[in-house]
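What follows is a short report on a single structure.
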Amino acid sequence: MTGSILIVDDDPVQRRLVEAALTKFGHSAIVTDGGEAGLDVLDGPNAREVSVVILDLVMPGLDGIGVLKAMRERAVNIPVIVQTAQGGIETVVSAMRHGAFDFVVKPASPDRLQTAISNALKVEAVEDEVKRASRRRGGGHLTFKDMITRSPAMDRVIRLGQKAAASNIPILIEGESGVGKELVARAIQGSGDRRSKPFVTVNCGAIPDNLVESILFGHEKGSFTGATDKHTGKFVEANSGTLFLDEIGDLPLDVQVKLLRAVQEGEVDPVGGRSTIKVDIRLISATHRNLLQQVKDGKFREDLFYRLNVYPIFVPPLRDRRDDIPYLVRHFMEKVAPTDPRRRLAGISAAALAMLQAYDWPGNIRQLENAVFRASVLAEGDVLTEEEFPQIRAQVEGTVNLGTESASAVADTVADAPLNEDEVADTTGPSLSDGEAPARPQPRFGTLRALDERGNVRALADVELEMIRLAIDHYNGQMSEVARRLGIGRSTLYRKLKEYGIDPEAGRVDRLAS
């Protein structure tokens with residue numbers, strides 16, 4: 001028997017209709033009349049009973065997007081099915097970007113609602129099995145060799161991480177949410193002399209302000225209302241090992257003072273304690289915020305910033321390392337496979353892979369993993385296609401040619417792509433002597449020449465420059481559109497413009513003659 005379905009909707013008629021449909025299919029329902037009431041349930045003692053949330057997007061007060069944001073901040077991972085009478089593509093995109101599992105348009109038929117709930121429960125069940133399997137396989141140490149990457153953008157991260165592992169200096173890992181900051185921290189710990197010691201993680205953004213000090217530094221029994229037992233705190237738990245403080249930028253200012261002392265002196269003061277406790281930890285912090293700007297805004301202590309920012313490592317977003325997407329897709333598909341060995345996926349279609357590589361992934365690797373996980377669980381056939389990624393397809397359709405030979409080549413590569421560095425084979429094919437024509441015929445689509453006058457493949461930089469010039473001309477110098485159509489971030493586009501001497505204002509090449 002599954003848990004209850006939480007209904008969050010301000011419309012009493014709609015609440016009754018959804019509750020009746022759920023009862024018909026044998027589900028129990030918890031009904032609330034708005035976003036605040038829904039969050040109260042998710043924060044309360046009945047939260048463990050909730051298996052799925054059915055959430056209205058348009059509500060007075062805290063609307064559906066606000067609820068999705070709050071759930072993410074609280075690390076509540078219950079699947080959410082959003083519903084609204086406003087079924088435009090922008091609404092779908094916004095809801096999915098904020099973590100919604102599925103989307104139905106009012107008035108949703110009972111069968112459509114049941115399908116969405118069944119899919120959510122199926123994915124949740126497989127996810128639980130994957131987590132259990134990971135715990136059973138646990139015990140090994142993650143190192144940089146275990147990281148799934150083939151992107152030059154990650155070379156610097158790995159080099160810095162390997163050097164950091166050989167010391168005990170504080171490290172600050174920066175990057176957008178979902179880029180894998182904790183993975184880098186674990187690789188640093190697993191590559192250093194503390195690899196066999198505890199690795200303790202604290203998400204500073206998910207702890208209520210009034211409990212941060214107690215959770216980090218511990219408390220004595222009876223030191224405050226509700227302190228029925230003594231708590232050692234995360235610093236003491238991590239003694240002799242590594243303490244990873246995720247979202248360090250969310251720490252309250254008063255706690256930052258005690259954290260500074262803990263970093264400087266190597267000792268903590270438990271709440272209600274009579275003496276300090278010495279600790280020996282390796283401190284790794286992470287944030288998606290601009291801490292230097294927070295220092296200027298008075299939201300983060302300057303002295304603490306310089307204590308933490310001794311050895312900064314920036315992890316680039318997934319849109320700046322699209323070369324990793326095929327390998328990550330295969331890795332995530334293989335994580336699902338052991339849950340049902342009888343139905344192993346054979347691979348992913350060229351069109352689907354091209355589509356995934358064209359998308360910007362605002363949620364980065366975490367969003368990609370969720371998308372591949374859901375597609376792998378719900379796929380009807382043995383190959384993932386664009387149909388398994390409806391939300392992604394809606395956002396990139398028309399921006400990429402899903403039938404190109406290059407897409408097919410990438411799909412062929414990922415089908416057999418090795419995951420470990422020691423297993424990497426030469427996938428470039430036989431080398432060509434000067435003047436020898438390539439075996440593969442020229443693509444018939446597009447306007448760029450792949451071969452030079454001698455029949456050799458043109459340098460990648462030349463083709464890239466020509467493509468950028470073509471895009472700037474085609475979209476009349478609208479750089480946001482140029483970046484989107486080229487499938488790169490604006491910051492990457494402007495960096496390339498500077499390298500090639502292209503004036504972004506005039507949309508022309510100053511350094512090179514036309």
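In the UniProt record's numbering, the protein residues as written are 1 to 514. We put the beta carbon where it would ideally sit given N, CA and C, even for glycine. The structure displayed is predicted, hence computed values, not measured ones.
### Query
Cα separation between Val123 and Gln264?
The count along the sequence shown starts at 1 and reaches residue 123 at position 123. The count along the sequence shown starts at 1 and reaches residue 264 at position 264. When rounded, the distance between both Cα atoms is 46 Å.
### Message
Relative to the C-alpha of Gly298, which candidate in Met154, Lys335, Asp250 and Tyr475 has its C-alpha closest?
### Response
For the purposes of this step, residue 298 is taken as the residue at position 298 of the sequence shown. If we check each option's Cα against that of Gly298, Asp250 comes out closest.
### Query
Counting along the chain, where does the beta strand (DSSP E) carrying Thr287 start and finish?
The residue labelled residue 287 in the question sits at position 287 within the sequence shown. Taken as a continuous stretch (DSSP letters only), the beta strand (DSSP E) holding Thr287 covers Arg282 to Thr287.
### Message
According to DSSP, simplified to helix, strand and coil, what is Thr201?
### Response
Here residue 201 is taken as the residue at index 201 of the sequence shown, counted from 1. Strand at Thr201.
### Task
Using a threshold of 7 Å, state whether the C-beta atoms of Asp10 and Asp40 are closer than that.
On the sequence shown, position 10 is the one that residue 10 refers to. On the sequence shown, position 40 is the one that residue 40 refers to. Not a contact, by the Cβ cut-off of 7 Å.
### Message
Could you check whether Ala350 and Ile284 sit closer than 7 Å to each other, using their CB atoms as the reference points?
### Response
In the sequence shown, the residue the question calls residue 284 occupies position 284. In the sequence shown, the residue the question calls residue 350 occupies position 350. No; because the gap between Cβ atoms is not below 7 Å, this pair is not in contact.
### Query
Span of the beta strand (DSSP E) holding Glu237?
Here residue 237 refers to the residue found at position 237 when the sequence shown is read from its first residue. That residue, Glu237, is in no beta strand (DSSP E); its alpha helix (DSSP H) goes Lys234 to Glu237.
### Message
Please tell me whether Glu176 and Asn364 are closer than 7 Å, where the distance is taken between their beta carbons.
### Response
As a working note, residue 176 is residue 176 in the sequence shown. As a working note, residue 364 is residue 364 in the sequence shown. Against a cut-off of 7 Å, the Cβ pair of Asn364 and Glu176 comes out as a contact.
### Query
In whole angstroms, what is the alpha-carbon distance linking Asp209 and Asp246?
Position 209 of the sequence shown holds residue 209. Position 246 of the sequence shown holds residue 246. Looking at the two C-alpha atoms, the distance is approximately 15 Å.
### Query
Just reading off the beta strand (DSSP E) that Ile5 is part of, what are its end residues?
As a first step, residue 5 must be located in the sequence shown, where it is residue number 5. Ser4 to Val8 is the span of the beta strand (DSSP E), which, as asked, contains Ile5.
### Query
For Val336, which residues of its own chain have a beta-carbon under 7 Å away from its beta-carbon, when the five flanking residues on both sides are left out?
Taking the sequence shown and counting its residues from 1, the one referred to as residue 336 is at position 336. Taken in chain order, the residues that qualify are Val126, Val130, Phe373, Ser376 and Val377.
### Task
Count the C-beta pairs between the stretch 106–123 and the stretch 72–83 that are closer than 8 Å, then say yes if the count reaches three, no if not.
yes
### Task
Determine, using beta carbons only, whether Met355 and Val396 come nearer to each other than 7 Å.
The residue given as residue 355 occupies position 355 in the sequence shown. The residue given as residue 396 occupies position 396 in the sequence shown. Yes, they are a contact pair.
### Message
Restricting to runs no shorter than 4 residues, where is the alpha helix (DSSP H) found entirely within the stretch 296–355?
### Response
302–308 and 325–336
### Residue from Gly205, Tyr311 and Ile277 with nearest C-alpha to Arg289
Stepping through the sequence shown from its first residue, residue 289 is reached at position 289. It is Gly205.
### Burial state of Pro312 (16 or more Cβ within 10 Å)
Sequence index remark: in the sequence shown, residue 312 carries index 312 (1-based). By the 10 Å Cβ count, Pro312 comes out exposed.
### Task
Taking all protein chains shown into account, decide if Thr84 is buried (16 or more other Cβ within 10 angstroms of its Cβ) or exposed.
Here residue 84 corresponds to residue number 84 of the sequence shown, with the count starting at 1. By the 10 Å Cβ count, Thr84 comes out buried.
### Message
Whole angstroms are fine: how far does the CA of Gly161 sit from the CA of Leu291?
### Response
Numbered from 1 along the sequence shown, position 291 holds the residue referred to as residue 291. Numbered from 1 along the sequence shown, position 161 holds the residue referred to as residue 161. Rounded to whole angstroms, Leu291 to Gly161 spans 20 Å at the Cα level.
### Message
Out of Glu369, Gln367 and Leu353, which one is the CA nearest neighbour of Glu387?
### Response
Along the sequence shown, one-based indexing puts residue 387 at 387. Closest option to Glu387, Cα to Cα, is Leu353.
### Task
Determine the direct distance from the alpha carbon of Lys221 to that of Asp144, and round the result to whole angstroms.
The sequence position of residue 144 within the sequence shown is 144, counting from 1. The sequence position of residue 221 within the sequence shown is 221, counting from 1. The displayed chain sequence assigns Phe, not Asp, to residue 144. Each residue's alpha carbon lies about 42 Å from the other.
### Query
Residue range of the beta strand (DSSP E) that Val179 falls in?
Locating residue 179 in the sequence shown gives position 179, counting from the first residue. Premise fails: Val179 is in no beta strand (DSSP E) and is neither H nor E.
### Message
If the criterion is Cβ atoms closer than 7 Å, does the pair Ile7 and Arg15 meet it?
### Response
As a working note, residue 7 is residue 7 in the sequence shown. As a working note, residue 15 is residue 15 in the sequence shown. For Ile7 and Arg15, yes; Cβs fall inside 7 Å.
### Query
Does the pairing of the stretch 152–161 with the stretch 257–273 give three or more beta-carbon distances under 8 Å?
no
### Query
Short check: CB of Tyr494 to CB of Leu465, under 7 Å?
As a working mapping, residue 494 is identified with position 494 in the sequence shown. As a working mapping, residue 465 is identified with position 465 in the sequence shown. The answer is no: Cβ separation not under 7 Å.
### Short Cβ contact (7 Å threshold) for Val482 with Ile472
Numbered from 1 along the sequence shown, position 482 holds the residue referred to as residue 482. Numbered from 1 along the sequence shown, position 472 holds the residue referred to as residue 472. In this structure, Ile472 lies closer than 7 Å to Val482 by Cβ.
### Query
Between Arg301 and Asp254, what straight-line distance do the alpha-carbon atoms span, to the nearest angstrom?
For the purposes of this step, residue 301 is identified with residue 301 of the sequence shown, where counting begins at 1. For the purposes of this step, residue 254 is identified with residue 254 of the sequence shown, where counting begins at 1. Their backbone Cα atoms lie some 10 Å apart in a straight line.
#### Entry: Among Phe199, Pro252, Thr276 and Ile215, nearest to Arg282 - alpha-carbon criterion
For the purposes of this step, residue 282 is taken as residue 282 along the sequence shown, with counting starting at 1. That would be Phe199, whose Cα lies nearest to the Cα of Arg282.
### Buried versus exposed, by CB contacts within 10 Å (16 or more), Val257
Indexing the sequence shown from 1 puts residue 257 at position 257. Classification of Val257: exposed, given that the 10 Å Cβ count is below 16.
### Query
How about Thr242 and Arg194: do their beta carbons lie closer than 7 Å?
For the purposes of this step, residue 242 is identified with residue 242 of the sequence shown, where counting begins at 1. For the purposes of this step, residue 194 is identified with residue 194 of the sequence shown, where counting begins at 1. Their beta carbons are under 7 Å apart, which means Thr242 touches Arg194 by this criterion.
### Query
What is the DSSP secondary structure of Lys230, reduced to helix, strand or coil?
Reading the sequence shown from its first residue, position 230 is the one you call residue 230. Looking at Lys230 - three-state DSSP - the assignment turns out to be coil, as it is neither helix nor strand.
#### Entry: Asp382 (DSSP reduced to helix, strand or coil)
Along the sequence shown, one-based indexing puts residue 382 at 382. Three-state result, Asp382: coil.
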